[in-house]
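Structure record follows, encoded as structure tokens.
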Amino acid sequence: MNTKKTLVLGASSNPEQYSHMAVKKLIAAGHPVEAIGKSPINIDGIQVETDKLAFENIHTVTLYLNPQRQEEYESYIISLHPSRIIFNPGAENEPFKALAEKEGIETINACTLVLLSTGAY
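For the sequence shown, this note's numbering gives the first residue as 101, with consecutive numbering after it.
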């Protein structure tokens with residue numbers, strides 16, 4: 101299996117939120133996970149950070165923030181040099197998508213949970 105180190109941005113402490121489910125499903129699928137959210141919680145052994153840490157070797161950033169909340173993270177995400185950014189439903193952001201693509205980052209509007217469940221992740 102080709103693992104993809106993933107940053108879940110907008111990770112929630114609420115188990116009913118898709119970002120929380122994504123952390124759990126990524127772990128279950130064997131992908132290394134980093135997470136940033138509002139609260140410093142732990143999801144299945146993954147410490148959710150509240151600061152923009154300089155994570156290394158991030159392959160995919162999966163966004164669970166609306167476009168307005170993304171603004172403060174745009175330059176941070178670009179600085180991580182991910183291979184791909186997934187804009188989950190509600191996180192679609194055409195201006196940021198264009199900026200990321202200009203930087204050579206693949207972008208897709210998709211649901212991380214669906215990608216994982218179909219083997220397309």
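Where a beta carbon is used, it is the ideal one built from N, C-alpha and C, also for glycine.
Report yes if the C-beta distance between residue i and residue j is below 8 Å; otherwise report no.
{"i": "I158", "j": "V148", "result": "no"}
{"i": "A161", "j": "I143", "result": "Per the sequence shown, the amino acid found at residue 161 is Val instead of Ala. No, the Cβ-Cβ distance between V161 and I143 is not below 8 Å."}
{"i": "S113", "j": "I141", "result": "yes"}
{"i": "L163", "j": "A191", "result": "yes"}
{"i": "L153", "j": "E174", "result": "no"}
{"i": "L126", "j": "L216", "result": "yes"}
Leaving out five residues on either side along the sequence, give the residues of the same chain with a beta carbon under 8 Å from the beta carbon of residue i.
{"i": "I208", "result": "R184, I185, I186, F187"}
Between the Cα of residue i and those of the options, spot the shortest distance and give me the residue it belongs to.
{"i": "E156", "options": "S113, E174, I178", "result": "I178"}
{"i": "N166", "options": "P182, D151, Y176, F196", "result": "F196"}
{"i": "R130", "options": "T103, E201, E203, M121", "result": "Before going further, note that residue 130 is Gly rather than Arg in the sequence given. Closest option to G130, Cα to Cα, is T103."}
{"i": "D151", "options": "Q168, A128, L109, P132", "result": "L109"}
Threshold first: 3 residues or longer. Then list the beta strand (DSSP E) segments lying entirely within the stretch 125–154, N to C.
If only uninterrupted beta strand (DSSP E) runs of at least 3 residues are considered, those enclosed by the stretch 125–154 are 133–137, 146–149.
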